[in-house]
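In what follows, a structure is listed as structure tokens, so that the remarks can point back to it.
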Amino acid sequence: MASIITMPKFGLTMTEGTLSHWNKSVGERVEQGEPLYEVETDKITNEIEAPQEGVIRYIFTEVGQTVQVGAPLAIIAEESEDITELLDLQGPEEESKSNGVVEEKGAQNVVEEVYSDTYTRATPYAKKLAREQGISMQDVEASGPRGIILSHDVMKKSVSPAISPLAKKYAEEQEIEWQQIEQGRRIMLPDVIKKELEGSAAVAAAIDVPAATVKPITGMRKVIAERMSNSWQQIPHVTISREVDVTPLLSAKAVLDKNFKISITHFLIKIIAAALQKHPVLNAWFQDKEILYHHEVNMGIAVSVPEGLLVPVLKRVDQMDILEIAELMSDITSRAKEQKLRLDETQGGTFTISNLGMMGVEQFTPIINPPETGILGVGRIIEKPFFIGDDIVRRSFASFSLSFDHRALDGAEAANFLQTVEFYIQEPIRLLMKARGK
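Just add 78 to the spot in the sequence shown (first one is 1) and you have this note's numbering.
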């Protein structure tokens, strides 16, 4: 039986995905459970299996396209099946504003029935386009099965390209000649903006100013941009910093280095997990005007990957010792860089650490990963002269920057958290013990 494959939804926050690879082409047969295509989200790349056996009869979404959840991707059917009623899925595109940014929605997941009369056979949307453009159906060359006219057949015949109301309004306000835009489909706002940028580049060239290269933001980088914008706009961020003497931490690491491969980050995960248990408002989510306090610490660790940033989540680190944390982090961060994480390994974080010290950064302002209430930025370790009584000694210092949601807590509580972190750093040997209850 013919069926439509649509963009799947991998999590509660997913609204769109980018089709990154097709394993099959039109006309090829696929077996049920066989890997069929890959979808890239802001967190991971998922390989999707075919829901049934059959032949790939039609592909709606090409590699590299970003579409809404539920948008049609392809049709699977037997070679002899009639798929006419499923072909013209791509109805009129809509536009909506999301956080001040206008985006195109994907094709509507609505099946159009075939319209026919004594003269023509066409889908309802094709008929609607023809009526809007004043085109006679007899003048349109059909490309669909059994001589059925599809929407793109009408668009090819149209003298004046179809344009969305929002795109037309913007074009008129900016005095952009949208009729000159060469487009095989309905003109949307991004098409008009692209035309405007091309005009700006031409002006720049005329005054001997190098033109810029326009590269659309897609895939992971697009979602990161949206999330960071939303976080910054919706959460009242406050960042406080504290310079901490980490000499005892380095000494403890040197002791363990004789037998184990332990990093400063492994120590910090355990330290911060312990501090969060004393300051539960930072091990919480702020959502729907409520604070959800978590009993376990699921630590998000920011990991740089090509073209973006992933935050894999180390679950229940408060119940682990240093060696268990090191083993888990080594596994999950290596798979994060290869983009082979499972979906559950990127969800459920209760607090996040972003360590840029290894890249030479001394201090920075991290942005909260909602709905969490805090994120800790760790800077590089610097050796400085330090007074102990009348003596000057060499000590190692690092800057810790805590960004917190001011709706959930105030500066005093945030400062107390950093004070607790410093206390544990001065007594790192305690962290060598197993977590109580294990």
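Virtual Cβ for every residue (Gly too), placed ideally from N, Cα, C.
Item                                                                                                                         : Value
Pick from Leu275, Ala128, Gly457 and Pro294 that is closest to Ala80, judged by C-alpha positions                            : Ala128
Beta-carbon contacts of Leu487 that lie in its chain and below 6 Å, excluding the five residues immediately before and after : Val359
Cutoff 7 Å: His230 Cβ touching any chain C Cβ                                                                                : The chain inventory of the structure shown lacks chain C, comprising one protein chain alone.
Phe475 and Gly455 closer than 7 Å at C-beta                                                                                  : no
Euclidean distance between Cα positions of Val232 and Ala204                                                                 : 6 Å
Ala330 to Asp396 span [Cα, whole Å]                                                                                          : 19 Å
Separation of Lys206 from Thr162, as counted between CA atoms                                                                : 18 Å
For Val375 and Thr424, believed in contact at Cβ under 8 Å, the rounded distance                                             : With a Cβ gap of about 17 Å, Thr424 and Val375 do not count as contacting.
Residue interval of the alpha helix (DSSP H) (run including Gln504)                                                          : Gly489 to Gln504
Residue environment, Val333, which counts as buried when at least 16 other CB atoms sit within 10 Å                          : exposed
Presumed contact (8 Å Cβ cut-off) between Met519 and His357, rounded CB distance                                             : The first residue shown for the chain is 79 and the last is 516, placing residue 519 beyond what the model contains.
Contact under 7 Å by Cβ, Glu500 with Val322                                                                                  : yes
In DSSP terms, what Phe429 is bridged to                                                                                     : Met377
From Ser479, Glu156, Ser382 and Phe464, residue whose alpha carbon lies closest to that of Gly457                            : Ser479
Cβ separation of Ile126 and Val117, assumed to be a contact under 8 Å, to the nearest whole Å                                : 6 Å
Between the CA atoms of Ile227 and Glu191 - distance to the nearest angstrom                                                 : Because Glu191 sits at a pLDDT of 38, beneath the cut-off of 50, its placement in the model cannot be relied upon, and the point is left open.
Reduced DSSP secondary structure (H/G/I, E/B, other) of Pro463                                                               : strand
Val145, DSSP secondary structure in three states                                                                             : strand
Thr96 (DSSP reduced to helix, strand or coil)                                                                                : strand
Those runs of the beta strand (DSSP E) which lie wholly inside the region 324–382 and span at least 3 residues               : 362–365, 368–371 and 377–379
Reduced DSSP secondary structure (H/G/I, E/B, other) of Pro384                                                               : coil
Reference Arg473; option with closest CA among Thr325, Phe482 and Asp335                                                     : Thr325
Host beta strand (DSSP E) of Ala152 (start-end)                                                                              : Pro150 to Ala155
Neighbour-count burial assignment, Asp160, 16 or more Cβ in a 10 Å radius                                                    : exposed
Backbone CA spacing between Tyr136 and Lys102 [nearest angstrom]                                                             : 11 Å
Beta-bridge pairing of Leu392 - partner residues as DSSP gives them                                                          : Met377
Member of Ala404, Glu131, Pro444 and Leu151 whose CA lies at the smallest distance from the CA of Glu94                      : Leu151
Gly452 versus Phe464, Gly427, Val471 and Ile295, residue with shortest Cα-Cα distance                                        : Gly427
Cβ-Cβ distance between Gly386 and Ile302 below 7 Å                                                                           : yes
Counted within 10 angstroms of its Cβ, other Cβ atoms place Asp422 as buried (16 or more) or exposed                         : exposed
Buried/exposed call for Ser481, threshold 16 Cβ in 10 Å                                                                      : buried
Under 7 Å between C-beta atoms of Ile446 and Met306                                                                          : no
Contact test: Ile503 Cβ vs the ligand GDP heavy atom, cutoff 6 Å                                                             : Among the components modelled here there is no ligand, and therefore nothing to report on the ligand GDP.
Reduced DSSP secondary structure (H/G/I, E/B, other) of Gly132                                                               : strand
Same chain only: Cβ atoms within 7 Å of Leu114, ignoring 5 sequence neighbours per side                                      : Asn101, Lys102, Val108, Ile126, Glu127 and Ala128
Pair within 7 Å by beta-carbon distance, Ala414 and Val381                                                                   : yes
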